[in-house]
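Enquirer: Below is the structure I would like to discuss, written out as structure tokens.
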Amino acid sequence: MPFKTIIEPFRIKAVEPIRFTTREQREAALAAADYNLFKLRAEDVIIDLLTDSGTGAMSAAQWAGMMQGDESYAGARSFFKFEAAVRDITGLRHIIPTHQGRAAERILFSSACTAGQVVPNNTHFDTTRANLEAIGVRAVDLRCAEATQPSLIAPFKGNIDLAALERCLAENAGRVPFAMITVTNNSGGGQPVSLANIRAASALCRQHRVPLILDCCRFAENAWFIKRREPGQAHRTPADIAREMFGYADGCTMSAKKDGLVNIGGFLALNDDALAAKCRNNLILTEGFPTYGGLAGYDLEALAVGLREVLDEHYLEYRIRSVEYLGEKLTAAGVPIVQPTGGHAIYIDARAMLPHIPQGEFPAWALSCALYLEGGVRSVEIGSVMFGRQPDGTEKPAAMELVRLAFPRRVYTQSHVDYLIEVILSVNSLKSRIRGVHLVEAPPLLRHFTARLAPVGGTLLA
Ligand SMILES: *Cc1c(COP(=O)(O)O)cnc(C)c1O
13 MPFKTIIEPF RIKAVEPIRF TTREQREAAL AAADYNLFKL RAEDVIIDLL
63 TDSGTGAMSA AQWAGMMQGD ESYAGARSFF KFEAAVRDIT GLRHIIPTHQ
113 GRAAERILFS SACTAGQVVP NNTHFDTTRA NLEAIGVRAV DLRCAEATQP
163 SLIAPFKGNI DLAALERCLA ENAGRVPFAM ITVTNNSGGG QPVSLANIRA
213 ASALCRQHRV PLILDCCRFA ENAWFIKRRE PGQAHRTPAD IAREMFGYAD
263 GCTMSAKKDG LVNIGGFLAL NDDALAAKCR NNLILTEGFP TYGGLAGYDL
313 EALAVGLREV LDEHYLEYRI RSVEYLGEKL TAAGVPIVQP TGGHAIYIDA
363 RAMLPHIPQG EFPAWALSCA LYLEGGVRSV EIGSVMFGRQ PDGTEKPAAM
413 ELVRLAFPRR VYTQSHVDYL IEVILSVNSL KSRIRGVHLV EAPPLLRHFT
463 ARLAPVGGTL LA
């Protein structure tokens, strides 16, 4: 197209009103929620960027598909549509539906792993790590060197460290049930993994006779970055690139709440016949019969359609560009963010932005509260409230104090992003007034979800 404005590649047919709040109402809501954004009522939020998981908008075609859901217990027509859609993209032999990503993980890990084994990954997502550790498997993160420098601009900061992978496979020969690669690397800032990196990792795994499993929650966003950034890939369609990515793998786990464009769903796909049989038996125990796996027939219909829509180039361009546009505006205004912008989220570096707040007073948590107070924006702290408490009960500051703003798919438009920019810049202009927070009461595990906090000195903005 000769015009440079990237428009939302959809018209809006059903709308959900945003409930506006005043500054006074938000102050009261924040205090009532114990300065914990997880405890707010969603209705008290104007722009909700807590997560991109399951929060997307479905298309008319998906809603229409749902009316055709076949709710037969076994062998439903909807299952075969779903299976064909997944196989078309992944090329994998056995397709097993699950209610979300972590169910696919639990079923695969409990079928394929035993205590004392080791699983390498570029970076394990938290549920992936927890499901491995729950059965005594050591989850090893092998992120590439560029990944540890937030301000460094590099095209594929999600890559796995190949030399470290080779060492891990050699040192743990016979104890690695499979290796994993997460695309895009969620915990590493939504950064993509290159085709060359997946190809090389796959070759190493084959040499060591270790299967390679993709955690493919954001496979379409990863394919788009490959198209844009990897030499020689610009002419290919995202679907073609995705097929090549999956071609290097022996299986995958998927949370369809991300690039499945559905509100609930997931799957596990495998080539190994014996392992797939074991996983199906495991599935029957906790999720359901292998042709529905804990989902309704209509969920499988919506997912089959979503998997095709997510590979649309106009959709991917709009999505990735929205995040990049926000990143450019923030960077130009001097707001420190993790570079370059990833696929699904922006990460503000709160330690760089609020150097006057010591890490023990949770600068990223304080910043996320200030964004809510000023503009009704909900984000999430990825810092020392989330990660600071050690298993032995001591405190150790997290490596970074980040505020993540994750974008639901097809939900917000350019003007929402422009509003967001205004809010962040306004908070940036009064940053010296933001005070830290302290824990009032917190459970020992996963404390960020339920902890009670309060501002140091009684007020968040001095
Ligand atoms: C969301 C996510 C999961 C877990 O999926 P759920 O659907 O939330 O259970 C696993 N891996 C990655 C990379 C994810 O982003």
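Each residue of the sequence shown is one higher than the one before, counting from 13 in our numbering.
Using N, Cα and C, we set each Cβ at its ideal position, and we do this for glycine too.
Only a predicted model underlies this, so the values are computations on that prediction, with no experimental measurement involved.
Name the one or two DSSP bridge partners that N197 has.
Expert: N197 pairs with Q203.
Enquirer: Kindly give me the distance between the Cβ atoms of G470 and A357, rounded to whole angstroms, as I take these residues to be in contact under 8 Å.
Expert: Their Cβ separation, rounded to whole angstroms, is 32 Å, which puts G470 and A357 out of contact at 8 Å.
Enquirer: Just checking my contact of A281 with I165 at CB under 8 Å: how many whole Å lie between their CB atoms?
Expert: That pair is no contact at about 34 Å.
Enquirer: Quick check on this structure: which residue in H450, A454, V415, Y384 has the alpha carbon closest to the alpha carbon of R479?
Expert: Outside the shown range of the chain, which is 13 to 474, sits residue 479, and nothing can be said about it.
Enquirer: Have a look at E256 and A88 and give me their C-alpha separation to the nearest angstrom.
Expert: Answer to the nearest angstrom: the Cα atoms are 30 Å apart.
Enquirer: Under three-state DSSP, which class holds G469?
Expert: Three-state DSSP puts G469 in a helix.
Enquirer: If we count the other Cβ atoms within 10 Å of its Cβ and call it buried at 16 or more, is A345 buried or exposed?
Expert: With fewer than 16 Cβ atoms within 10 Å of its Cβ, A345 is classed as exposed.
Enquirer: What residue does the beta strand (DSSP E) around F279 start on, and which one ends it?
Expert: Per DSSP, F279 belongs to the beta strand (DSSP E) from 278–282.
Enquirer: Given 6 Å as the limit, tell me if D227 has its C-beta closer than that to any heavy atom belonging to ligand 1.
Expert: Under cutoff, so the answer is yes.
Enquirer: Would the beta-carbon of S65 be found less than 6 Å away from any heavy atom of ligand 1?
Expert: For ligand 1, at least one heavy atom lies less than 6 Å from the Cβ of S65.
Enquirer: For T102, which residues does DSSP report across the bridge?
Expert: None, per the DSSP bridge assignment.
Enquirer: Is any heavy atom in ligand 1 found nearer than 6 Å to the beta carbon of S267?
Expert: Yes; taking the cut-off as 6 Å, the Cβ of S267 has a heavy atom of ligand 1 nearer than that.
Enquirer: How about N234 and T196: do their beta carbons lie closer than 7 Å?
Expert: In contact: N234 and T196 (Cβ atoms closer than 7 Å).
Enquirer: Can you tell me whether N171 sits near ligand 1, meaning its C-beta is under 6 Å from at least one heavy atom of the ligand?
Expert: Not under cutoff, so the answer is no.
Enquirer: Thinking just about the alpha-carbon of each residue, which of A454, F15, G387, R464 is nearest to the one in L61?
Expert: Measuring from the Cα of L61, the nearest candidate turns out to be G387.
Enquirer: Going straight from the alpha carbon of E117 to that of R31, what length do you get?
Expert: Cα-Cα distance, rounded: 37 Å.
Enquirer: Does DSSP put V335 in a helix, a strand or coil?
Expert: Residue state, collapsed to three classes: helix.
Enquirer: Is M79 buried or exposed, if buried means 16 or more other CB atoms sit within 10 Å of its CB?
Expert: It counts as exposed.
Enquirer: What I want to know is whether the C-beta of Q112 ends up closer than 6 Å to one or more non-hydrogen atoms of ligand 1.
Expert: Because some heavy atom of ligand 1 lies under 6 Å away, the Cβ of Q112 counts as near it: yes.
Enquirer: Between the C-alpha atoms of A182 and T126, what's the straight-line distance to the nearest angstrom?
Expert: Cα to Cα, A182 sits roughly 19 Å from T126.
Enquirer: Identify whether H356 lies in helix, strand or coil by the three-state DSSP scheme.
Expert: H356: coil per DSSP, three-state reduction.
Enquirer: I need the boundaries of the alpha helix (DSSP H) containing C229, first residue and last residue.
Expert: Run containing C229: none; DSSP gives neither H nor E here.
Enquirer: Count the other C-beta atoms from every protein chain shown that fall within 10 angstroms of the C-beta of T160, then say buried if there are 16 or more, exposed otherwise.
Expert: Classification for T160: exposed.
Enquirer: If V131 sits next to A191, beta carbons under 8 Å apart, how far is it from one beta carbon to the other, in whole angstroms?
Expert: At roughly 7 Å, the Cβ-Cβ gap stays under 8 Å, so V131 and A191 are in contact.
Enquirer: For my contact list, L414 and A376 are in at a C-beta cut-off of 8 Å; report their separation, rounded to the angstrom.
Expert: Going by Cβ atoms, the distance from L414 to A376 rounds to 6 Å, so yes, they are a contact pair.
Enquirer: Closer than 7 Å by C-beta to T343: which residues in its own chain qualify, once you throw out the five before and the five after it? Chain order, please.
Expert: The residues are I349.
Enquirer: Taking the alpha helix (DSSP H) that P523 belongs to, which residues open and close that run?
Expert: No answer is possible for residue 523: it lies beyond the span of the chain, which begins at 13 and ends at 474.
Enquirer: From R320 to I446, what distance separates their C-alpha atoms?
Expert: When rounded, the distance between both Cα atoms is 45 Å.
Enquirer: How big is the Cα-Cα spacing for D262 and F92?
Expert: In a straight line, the C-alpha of D262 is about 21 Å away from that of F92.
Enquirer: On the DSSP bridge assignment, give the partners of C264 in chain order.
Expert: Paired residue(s): L226, A281.
Enquirer: Going by DSSP in three states, D404 sits in which element: helix, strand or coil?
Expert: Reduced to three states, the DSSP call for D404 is coil.
Enquirer: Should N198 be counted as a contact of ligand 1 given a C-beta to heavy atom distance under 6 Å?
Expert: Correct: N198 has its Cβ closer than 6 Å to ligand 1.
Enquirer: I need the DSSP call for P250, collapsed to helix, strand or coil.
Expert: In this structure, P250 counts as helix in the three-state DSSP scheme.
Enquirer: Any chance you could list the alpha helix (DSSP H) runs of at least 4 consecutive residues sitting entirely within the segment 426–453, in chain order?
Expert: You should have 426–441.
Enquirer: Under 7 Å, do L295 and P302 count as touching if we go by C-beta distance?
Expert: Yes.
Enquirer: Would the segment 264–279 and the segment 60–77 be scored as touching if the rule is three or more Cβ pairs under 8 Å?
Expert: In short, these stretches touch, since the Cβ pair count reaches three.
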